[in-house]
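For the record, the sequence lines run as chains H and S. Once you know that position 89 of the first sequence is 272 in this note's numbering, the rest is easy, because the numbers rise by one and skip nothing. Once you know that position 240 of the second sequence is 257 in this note's numbering, the rest is easy, because the numbers rise by one and skip nothing. Glycine included, every Cβ here is placed at the ideal spot set by N, Cα and C. Notes to accompany the following structure.
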Amino acid sequence: MPVEVKGLVETKAALKAYAPDLLKEMNKEIRIALKIVVKDAQQMVTPNVIGLYNWQDQGREVKSRTKAKTPLAPNLRAFPKYNPLVIRKGLTFSLAASRRNSAGFVGIYRLLNKSAAGAIIETAGRKNFNGASDSQSNNPQAGAHFNRSIQGTYGGFKSIGNRREDKGRLLYAAFYRDQGKVIDAVFKAINKADRTFKSRLGLAA
Amino acid sequence: MTIDIPIVTTYKDKGVKAAQSGLDKLSGSAKKLGLALGLALSINKIVAFGKASVKEFTDSEKAVASLQNTLRNTGNLLAFPDTEAGLKNLAKLSGIADDSLIPLFNQLYLATGNVSQATKDLNTAIEVSRGSTNELGSVVDALSKGYAGNTKGLGSLNVGLNRAYLASADMAAITKELNSTFSGSSAAFLETYAGKVAVLNNQWSETKEIVGQGLVMAFETATGNRGAKGMTDSMEELGYVISAVVIRLGQLTSMLGTDIPLISDLLKRTTDGWKFLLGVDETRREIYNEILRTNTRLNYEAMLAAEAQAKRNKEYLAFLAKQKKLSEASAVAAKKRAAEEKKIAEERKILDQVGGLFDLDQIQIFAALQNKITDQEKLRLSLQLALIQENASEAARLATDLVKSQLQTTNLAAAIAKLPKALYPFEGWSTDIDNLIRQILLMMKLLQTMPTKPLGQPVVGSPTYYTDLAKTLVNTTGYMGLTESQIAEERRQESGGRFGGMQTAAPVTVINVNGATQGLLDELRNGLINSSASGSFSSINPNR
Numbered sequence: 184m185p186v187e188v189k190g191l192v193e194t195k196a197a198l199k200a201y202a203p204d205l206l207k208e209m210n211k212e213i214r215i216a217l218k219i220v221v222k223d224a225q226q227m228v229t230p231n232v233i234g235l236y237n238w239q240d241q242g243r244e245v246k247s248r249t250k251a252k253t254p255l256a257p258n259l260r261a262f263p264k265y266n267p268l269v270i271r272k273g274l275t276f277s278l279a280a281s282r283r284n285s286a287g288f289v290g291i292y293r294l295l296n297k298s299a300a301g302a303i304i305e306t307a308g309r310k311n312f313n314g315a316s317d318s319q320s321n322n323p324q325a326g327a328h329f330n331r332s333i334q335g336t337y338g339g340f341k342s343i344g345n346r347r348e349d350k351g352r353l354l355y356a357a358f359y360r361d362q363g364k365v366i367d368a369v370f371k372a373i374n375k376a377d378r379t380f381k382s383r384l385g386l387a388a
Numbered sequence: 018m019t020i021d022i023p024i025v026t027t028y029k030d031k032g033v034k035a036a037q038s039g040l041d042k043l044s045g046s047a048k049k050l051g052l053a054l055g056l057a058l059s060i061n062k063i064v065a066f067g068k069a070s071v072k073e074f075t076d077s078e079k080a081v082a083s084l085q086n087t088l089r090n091t092g093n094l095l096a097f098p099d100t101e102a103g104l105k106n107l108a109k110l111s112g113i114a115d116d117s118l119i120p121l122f123n124q125l126y127l128a129t130g131n132v133s134q135a136t137k138d139l140n141t142a143i144e145v146s147r148g149s150t151n152e153l154g155s156v157v158d159a160l161s162k163g164y165a166g167n168t169k170g171l172g173s174l175n176v177g178l179n180r181a182y183l184a185s186a187d188m189a190a191i192t193k194e195l196n197s198t199f200s201g202s203s204a205a206f207l208e209t210y211a212g213k214v215a216v217l218n219n220q221w222s223e224t225k226e227i228v229g230q231g232l233v234m235a236f237e238t239a240t241g242n243r244g245a246k247g248m249t250d251s252m253e254e255l256g257y258v259i260s261a262v263v264i265r266l267g268q269l270t271s272m273l274g275t276d277i278p279l280i281s282d283l284l285k286r287t288t289d290g291w292k293f294l295l296g297v298d299e300t301r302r303e304i305y306n307e308i309l310r311t312n313t314r315l316n317y318e319a320m321l322a323a324e325a326q327a328k329r330n331k332e333y334l335a336f337l338a339k340q341k342k343l344s345e346a347s348a349v350a351a352k353k354r355a356a357e358e359k360k361i362a363e364e365r366k367i368l369d370q371v372g373g374l375f376d377l378d379q380i381q382i383f384a385a386l387q388n389k390i391t392d393q394e395k396l397r398l399s400l401q402l403a404l405i406q407e408n409a410s411e412a413a414r415l416a417t418d419l420v421k422s423q424l425q426t427t428n429l430a431a432a433i434a435k436l437p438k439a440l441y442p443f444e445g446w447s448t449d450i451d452n453l454i455r456q457i458l459l460m461m462k463l464l465q466t467m468p469t470k471p472l473g474q475p476v477v478g479s480p481t482y483y484t485d486l487a488k489t490l491v492n493t494t495g496y497m498g499l500t501e502s503q504i505a506e507e508r509r510q511e512s513g514g515r516f517g518g519m520q521t522a523a524p525v526t527v528i529n530v531n532g533a534t535q536g537l538l539d540e541l542r543n544g545l546i547n548s549s550a551s552g553s554f555s556s557i558n559p560n561r
């Protein structure tokens with residue numbers, strides 16, 4: 184679960200303005216902590232998904248099977264193929280603040296799974312694991328087969344919260360296995376920078 | 018889709034505070050509105066109604082005055098009554114207040130310069146506004162800019178007019194296109210609930226306007242000649258009076274309990290009483306009369322203004338005609354003056370030329386030129402003459418020639434004087450030639466004395482070459498024991514006779530065959546076959 188911090192934005196702004204070296208040092212430590220989780224997730228990516236041979240990226244350009252490109256949708260993409268290199272590359276982190284969400288929260292330090300195939304591995308079957316009950320497909324069991332194959336290769340979802348959206352197979356699982364060590368490291372870095380900054384200003388011992 | 022797992026977040030309240038503040042204000046406004054509604058019959062409401070009525074009237078009057086002023090300034094005051102009536106009618110039909118329509122009409126009128134066109138365009142703008150999501154003001158603004166050549170606003174209305182069309186079409190075509198697209202939009206809107214509400218609102222505004230006009234007239238009457246200060250004092254007094262009346266009415270109502278028919282009856286009686294006491298019907302008539310009077314006065318003013326304008330126009334046209342006549346006369350005079358000046362200049366030139374004949378200096382120069390003088394002197398005199406006649410180009414040319422002549426004359430004379438006496442190149446040549454001739458004659462004599470042919474030597478090509486050669490070879494090595502004739506024959510045979518003349522030539526027989534016929538050719542062919550043992554022959558065809 185994400186942890187809400189009050190005053191972090193102000194602290195970062197103050198560090199940037201008055202002690203950029205401390206901000207740099209703090210970001211460096213946070214990067215190291217976040218990279219551990221990302222590396223763990225990247226190591227989980229398998230060369231292929233057992234049972235989904237045709238999903239494997241063969242290096243050919245893929246056309247959409249469901250829709251044709253139109254002038255209104257010239258950038259229509261096909262269903263993304265499974266490419267472990269692309270998925271690993273998409274697993275990363277960011278120290279830049281995100282946009283404010285509808286509840287008013289802003290993500291300061293974030294773990295990201297940017298690739299489309301990676302997002303599929305992460306979330307496929309999170310809503311309807313056995314396929315949608317109202318599926319209109321000619322092959323209504325295809326979804327269930329797809330989810331089970333991924334589950335067979337990557338294992339089940341790991342949850343880091345109470346909501347359905349708080350669970351996944353790659354980054355979520357890595358974060359779950361980390362058992363909060365990354366958050367601890369991040370806070371240590373923040374506190375260290377904060378303390379050093381205050382001591383420089385003579386505000387606190 | 019990027020999966021984003023925020024591990025550290027913060028709450029950002031920017032915007033939330035503003036929203037909260039806005040909600041608080043809205044809540045306060047709602048409370049105020051509730052209070053206002055709850056006190057519908059309170060003094061505040063009555064006074065507010067009075068104020069609103071007066072405001073409606075003043076706004077309308079201001080707009081009308083603006084329209085009147087615009088039309089007067091553009092010389093169209095005569096069209097004012099009809100225009101005002103038309104706009105008021107349009108306001109009633111469209112549900113848009115006339116004091117809103119008049120400024121928009123003004124804008125269009127200033128853009129088109131035509132009352133009729135501006136009215137049509139205003140109708141079009143209302144249709145477009147009702148048929149699209151654009152504000153009426155924006156549509157009018159775009160149309161008026163379109164008349165000035167700026168169609169960008171029309172494009173931004175998003176009413177189906179593309180840039181290419183706007184660039185190529187004129188405003189007549191554009192308005193026609195808009196009419197065809199949005200015709201009937203206003204009527205359709207007025208059929209809706211919102212449209213009906215708009216018409217009612219507008220009518221309510223008109224009502225308030227009439228009430229406001231009545232109030233102003235009443236205050237003017239009440240205050241007499243005390244001006245605006247008196248009017249405001251009266252309004253205050255009226256407010257107090259009305260408030261006292263309504264408060265008392267409320268007290269009476271509470272004393273009478275909740276008997277509704279009784280209250281209604283009481284209110285009706287009170288209203289009738291007030292009507293009787295205040296002469297409401299009379300006042301209403303006065304309002305109508307005042308409106309009529311105002312309109313009549315305005316019409317009369319408009320007529321006078323139109324007459325004045327026509328007079329001014331006539332005067333201006335006369336002034337323009339006069340100006341044109343004057344300018345034409347001025348042009349003719351200038352042309353005549355130029356011709357006269359040219360004639361005078363020509364005459365003066367002739368006179369100068371003739372006058373030159375009697376100029377003593379020139380006469381002397383001409384006389385000097387008649388004498389036998391050198392070229393240089395002639396140049397000098399010509400130059401002097403050119404200077405007297407003020408002929409600059411000729412003077413310059415002659416001066417150059419004179420300088421050249423002087424330089425040539427002086428330098429050449431000096432060089433010739435300094436040259437030594439030249440030697441005669443052909444001196445003594447006659448003696449040499451005589452000697453040469455003598456030598457030649459001597460050589461000729463010697464040649465004549467020489468023999469024509471070398472003695473005893475054979476001459477190549479002569480008929481006696483081999484005989485002469487034999488004479489020289491007799492009794493020499495290789496020819497021992499041979500006679501001259503033998504040696505000569507031997508040499509002739511050996512050399513093929515090519516060094517001496519041939520004694521005899523071989524006889525040649527020439528046969529000319531003319532007009533060879535096929536028969537003759539056949540005979541030849543047969544002869545060749547007979548003489549040939551091989552049997553093969555050549556075909557001879559004279560026609561080939």
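Quick check on residue i - is its C-beta less than 8 Å from some C-beta in chain S?
i: H/I291; result: yes
i: H/R360; result: no
i: H/E187; result: yes
i: H/L354; result: yes
i: H/S285; result: no
i: H/S382; result: no
i: H/I366; result: yes
i: H/G385; result: no
i: H/S281; result: yes
i: H/G351; result: yes
i: H/K252; result: no
Does the beta carbon of residue i sit closer than 8 Å to a beta carbon anywhere in chain H?
i: S/V228; result: no
i: S/Y28; result: yes
i: S/I22; result: yes
i: S/T19; result: yes
i: S/V132; result: no
i: S/V145; result: no
Please name the residue, chosen from the options, that lies closest to residue i on a Cα-to-Cα basis.
i: H/A300; options: H/A202, H/Q319, H/N266; result: H/N266
i: S/M120; options: S/G112, S/K339, S/K79; result: What sits at residue 120 of chain S in the sequence shown is Pro, not Met. It is S/K79.
i: S/D376; options: S/K353, S/E394, S/I405; result: S/I405
i: S/V157; options: S/Y182, S/T129, S/L125; result: S/L125
i: H/S332; options: H/A356, H/R360, H/I303; result: H/I303
i: H/Q362; options: H/T249, H/D223, H/R243; result: H/D223
Got a sec? Which residues, its chain only, sit under 7 Å from residue i by beta carbon, not counting five neighbours each side?
i: H/A327; result: N313, G314
i: H/G335; result: I233, G234
i: S/R180; result: G172
i: H/K252; result: L259
i: S/V132; result: N93, A96, T100, Y126
By the DSSP assignment, the alpha helix (DSSP H) with residue i in it spans what residues?
i: S/G154; result: 153-164
i: S/T27; result: Looking at the DSSP string, S/T27 is not in any alpha helix (DSSP H); the run it does join, the beta strand (DSSP E), is 20-28.
i: H/F370; result: 364-384
i: H/T275; result: Counting along the chain, H/T275 falls outside any alpha helix (DSSP H), though it belongs to the beta strand (DSSP E) covering 274-277.
i: S/K137; result: 132-148
i: S/Q510; result: 501-512
i: H/V192; result: 191-201
i: S/M461; result: 446-466
In the DSSP assignment, find the beta strand (DSSP E) that holds residue i and state where it starts and stops.
i: H/G290; result: 288-296
Can you find the residues in the same chain that come closer than 6 Å, C-beta to C-beta, to residue i, ignoring five residues on each side of it along the sequence?
i: H/A216; result: V365, A368, V369
i: S/V527; result: With a pLDDT of 46 at S/V527, under the threshold of 50, the predicted position of this residue should be treated as unreliable, and no value is reported.
Counting only the same chain and skipping the five closest in sequence on each side, list residues whose C-beta sits under 8 Å from that of residue i.
i: S/N123; result: S83, L84, T87
Can residue i be considered in contact with the ligand ZN, in the sense that its beta carbon sits closer than 7 Å to one or more heavy atoms?
i: S/F199; result: Absence of the ligand ZN from the depicted structure is noted, as is the absence of any ligand whatsoever, leaving it without description.
Contact residues within the stretch 302-333 of chain H, judged by C-beta distance below 9 Å to chain A: This model lacks chain A altogether, as its protein chains are H and S.
4-residue-minimum alpha helix (DSSP H) runs that sit fully inside the stretch 177-220 of chain S, ordered along the chain: 180-185, 188-199, 202-208
Length-filtered (4 minimum) alpha helix (DSSP H) runs lying within the stretch 368-397 of chain S: 377-387
Start-end ranges of the alpha helix (DSSP H) lying completely within the stretch 308-362 of chain H, minimum 4 residues: 325-337, 354-361
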